[in-house]
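Quick note: the sequence shown uses this note's numbering, first residue 21, plus one each step. Right, one structure below, let's go through it.
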Amino acid sequence: MAPRVVTLTNGAFAENCYLVADPARGEAVIVDPGEEAQLFLKRLRFEGWTLRAIWLTHAHLDHVAGVAAVKAATGAPVHLHSLDRELYDAVPVQARMFGLAAQAPPPPDADLAEGQTIAVGACEFGVLHTPGHTPGHVTFAGHGLALVGDVLFAGSIGRTDLPGGDTETLLRSIREKLFPLPNETVVYSGHGPETTIGAEKRGNPFVKLVPGLNACLRCGAEVRPKPWGCKNPCPNCGFVYPLGDCAD
């Protein structure tokens, strides 16, 4: 049986938390529990599902603010890539940066890594390491869907101006890890609506010229990667943002 996905948009950042369930077994995992922990727990009770794990795509505040409360209520183990541990431990600091308060999350129970297979009930998902938004960002892919966190959005890509972000790394993650998935794969992003891999290959203005990682996004000329904020235009067409010529 295919897994069932429930989207719970929540909090000041309009973050998408997901419940992914094997309905036949009555088991679920929660992916990226954001600010509204009671909303997530209420929906679990409504569905009658037993929470088996907390899966984190990355450790930004809007995706992990509810981890402490969800684990306290359910005892579900927390799964996180080790390269995001520093961000995870700094959740209270992240919150203060936005004038918010957040409870420090409990230590992770399990490390996620490229190539792992993890499951909810009988539904298995592969772990893809997809850095660029954060160093330890991962994607969960399987059963015709991909939970991509903040790597790829409908018509956009994740921001790379936060600590640990890198535009070239992000685009490489999309090209090498996400775009090889079948075109019909449904993409569940950390913010905004669902999309598909095929739709983003065809129409996403930030990545539609991949392959050609260092190509200008408007004209396709092969130019050097443009660091965030660089204002030098592409020498071929004058395009500035977010990739263009940034030669010294």
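Note that the Cβ used here is the ideal one computed from N, Cα and C, for glycine as well. Values in this document were obtained by computation on a predicted structure and should not be read as measured data.
| Query | Result |
| --- | --- |
| Classify LYS197 as buried or exposed, calling it buried when 16 or more other Cβ atoms lie within 10 Å of its own Cβ. | buried |
| Whole angstroms are fine: how far does the CA of GLU144 sit from the CA of THR215? | 21 Å |
| For GLY218, report the span of its alpha helix (DSSP H) as first-last. | 217-223 |
| Can you pull the DSSP bridge partners for SER209? | GLY169 |
| Whose CA, out of ILE194, ALA161, VAL171 and SER209, lies closest to the CA of ALA22? | ALA161 |
| Between which residues of its own chain and THR29 is the CB-CB distance below 8 Å, once the five residues before and five after are set aside? | GLU35, ASN36 and CYS37 |
| Could you please give me the residues that DSSP links to THR29 through a beta bridge? | ASN36 |
| In angstroms with no decimal places, state the Cα-to-Cα distance between PHE173 and LEU132. | 22 Å |
| Counting beta carbon pairs with one atom in the region 85-96 and one in the region 161-170, are three or more of them shorter than 8 Å? | no |
| Specify whether the region 64-83 and the region 47-56 touch according to this definition: at least 3 beta carbon pairs, one from each stretch, less than 8 Å apart. | yes |
| Using the Cβ count rule (16 or more neighbours within 10 Å means buried), how would you classify LEU76? | buried |
| For the candidate residues ALA139, TYR208 and PRO126, whose alpha-carbon lies nearest to that of ASP170? | TYR208 |
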